[in-house]
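See structure below.
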Amino acid sequence: MDTKAYLRRYSDGDRINHWALVILFFCAALSGLSMFHPSLFFLSTLFGGGPWTRILHPFAGVLVFLSFGGMYVRLAKDNAWSADDSGWLAKSSTFFAGRTHEMPPAGRYNAGQKLLFWWITGCVLVLLVTGLVFWRPYFVGYFSIGLVRTATLVHSLTAVALVLGVIAHIYAAIWVKGTLRAMTRGLVSETWAKRHHPRWYVQMTREKH
Ligand code: HEM
């Protein structure tokens with residue numbers, strides 16, 4: 003029998019929002035990659051071939067923006083940067099060496115998670131703005147050819163930056179044992195909270211007792 007004590011980290015709404023975002027992100031990323039390089043064109047078969055991929059990709063992108071917006075509204079406050087985070091970041095080599103117990107105590111999110119949150123926020127915004135500029139046939143006619151070309155280049159580079167950020171995010175979610183449960187069941191063990199987010203643990207248990 004599982005006798006561990008758990009704390010609630012995410013509500014049902016948070017988790018539905020997150021997993022909807024994940025599905026939409028994969029639709030936008032795979033359809034985008036199929037247009038990124040000819041060697042990846044085979045991915046377009048997932049979306050009904052080249053023309054359909056081209057039509058659907060911008061709509062998937064807008065839905066990623068909207069669903070990320072939901073996460074932003076829920077979590078931006080907890081990702082606000084503080085002086086403690088700069089101290090955590092300065093010691094990040096200790097964290098990556100696995101000596102997590104030597105780190106300054108983190109709140110709900112550590113500085114690395116916060117940086118990633120703002121990285122994803124920036125990428126999603128740039129992707130939306132640049133994508134609108136060359137969305138044929140709706141908006142492209144309003145902009146000069148030079149701007150359309152620049153937007154296309156910035157869009158592609160930002161997409162690479164976002165994919166790298168998401169790979170780091172998935173790796174961290176799997177690597178830190180006990181984290182996945184936060185987004186599947188909404189719960190984390192008290193031991194996990196004490197070890198990785200001690201200030202959040204104190205706040206949660208103060209509210210609980
Ligand atoms: C298979 C893919 C993914 C897995 C397994 C996964 C897993 C997780 C887990 C376990 C958490 C909770 C972390 C914690 O509370 O400490 C989380 C949070 C989060 N995830 Fe994901 N995720 C995935 C993909 C994505 C994607 C594609 C995005 C956005 C493009 C995303 C955005 C977020 C955000 C914004 C949070 C909240 C963290 C924060 O506010 O700092 N996730 N994810």
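Just so you know, we're using the numbering used here here: the sequence shown kicks off at 3 and counts up by one. Every residue gets a Cβ at the ideal spot worked out from N, C-alpha and C, and that includes glycine.
- Residue I25 holds the alpha-carbon nearest to the alpha-carbon of V168 among I18, S13, A7, I25.
- Going by C-alpha positions, V142 is about 49 Å away from M105.
- If you draw a 10 Å sphere on the C-beta of H157, you find 16 or more other C-beta atoms in it, and that means buried.
- For Y12, the secondary structure class from DSSP, reduced to helix, strand or coil, is coil.
- Collapsing the DSSP output to three states places S46 in a helix.
- In this structure the segment 65-75 touches the segment 18-33; the number of beta carbon pairs closer than 8 Å is three or more.
- Counting C-beta pairs with one atom in each stretch, the segment 45-61 and the segment 176-196 have fewer than three that are closer than 8 Å, which means they do not touch.
- Taking C-beta atoms under 8 Å as the contact rule, A184 and R11 qualify, at a distance of about 4 Å.
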